[in-house]
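In what follows, a single structure is set out as structure tokens and then discussed.
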Amino acid sequence: GVVNLNRELQQALNPAREQVQRQNKLLKTGDKVMQIRNDYKKEVFNGDIGRIVQIDQKRQTVQVSFDGRQVLYRFEELDQLELAYAVSVHKSQGSEYPAVIVPVMTQHYLLLQRNLLYTAVTRGKKLVVLIGTTRALNIAVKNDKTMRRHSLLAERLIV
1 GVVNLNRELQ
11 QALNPAREQV
21 QRQNKLLKTG
31 DKVMQIRNDY
41 KKEVFNGDIG
51 RIVQIDQKRQ
61 TVQVSFDGRQ
71 VLYRFEELDQ
81 LELAYAVSVH
91 KSQGSEYPAV
101 IVPVMTQHYL
111 LLQRNLLYTA
121 VTRGKKLVVL
131 IGTTRALNIA
141 VKNDKTMRRH
151 SLLAERLIV
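Note that full-length UniProt numbering gives residue 25 to position 25 of the sequence shown, counting from 1, and the numbers run on in steps of one.
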């Protein structure tokens, strides 16, 4: 999925540079990254996208530029970041991008839903490319059923 696509895009778009490996995550200077949870102290929030501008092995820090604002992370805080060359439709909600590439394939049958396709297509400002099969696109366009969420929210609400 998105994790594998990000790894492939990182390899293709960001040649070997200064890097840091934490758990299963490899981050390099120049990588496009997304903040994946709110950090009020750093004033960066879930969904913010930035670019790694410096990795300091000696100080064990990573500097990320978010719209020109520099934010410093210690290596142990890197779980707040993930690669953002590719993002899921869910994580893209509320954002726009200059170009969007949407895979539309029957291998991901459960995700072929009209509302998800609409959300994906409306994220693109200048260019939207659908990659896949006509059959998968037809399934998505005709499928107006949304997946039932099992959050147990109704059971948790006090009436």
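Virtual Cβ for every residue (Gly too), placed ideally from N, Cα, C.
Keep in mind that this is a model prediction, so the values were computed, not measured.
Next item on the list: Over the uninterrupted beta strand (DSSP E) stretch that includes Ala99, give me the two end residues.
Entry: 97–104
Notebook entry, point to check: Is the Cβ-Cβ distance between Arg51 and Lys32 less than 7 Å?
Noted result: yes
Check: Would you report the Cα separation of Arg74 and Gly94, rounded to the nearest angstrom?
Finding: 28 Å
Checklist line | C-alpha gap between Arg7 and Arg59, whole angstroms | finding: 26 Å
Notebook entry, point to check: Any chance the CB of Val33 is under 6 Å from a heavy atom of the ligand NAP?
Noted result: The ligand content of the structure shown is nil, which means the ligand NAP is not present either.
Item checked: Residues sharing a beta bridge with Phe66, DSSP -> Arg69
Check: Can you tell which of Ile36, Ile131, Glu76 has the C-alpha that lies nearest to the C-alpha of Gln23?
Finding: Glu76
Item checked: Candidates Asn46, Val20, Val89: closest to Phe66 by CA position -> Asn46
Margin query: Can you check which of these residues, Tyr109, Arg37, Ser88, His108, is closest to Val121 by C-alpha distance?
Written below: Ser88
Note to self: In the DSSP output, which residue or residues are listed as bridge partners for Arg74?
What the structure shows: Thr61
Next item on the list: Compare the C-alpha of Ile101 against each of Ala12, His108, Leu117 and name the closest.
Entry: Leu117
Checklist line | Residues bridged to Gln54 (per DSSP) | finding: Gln63
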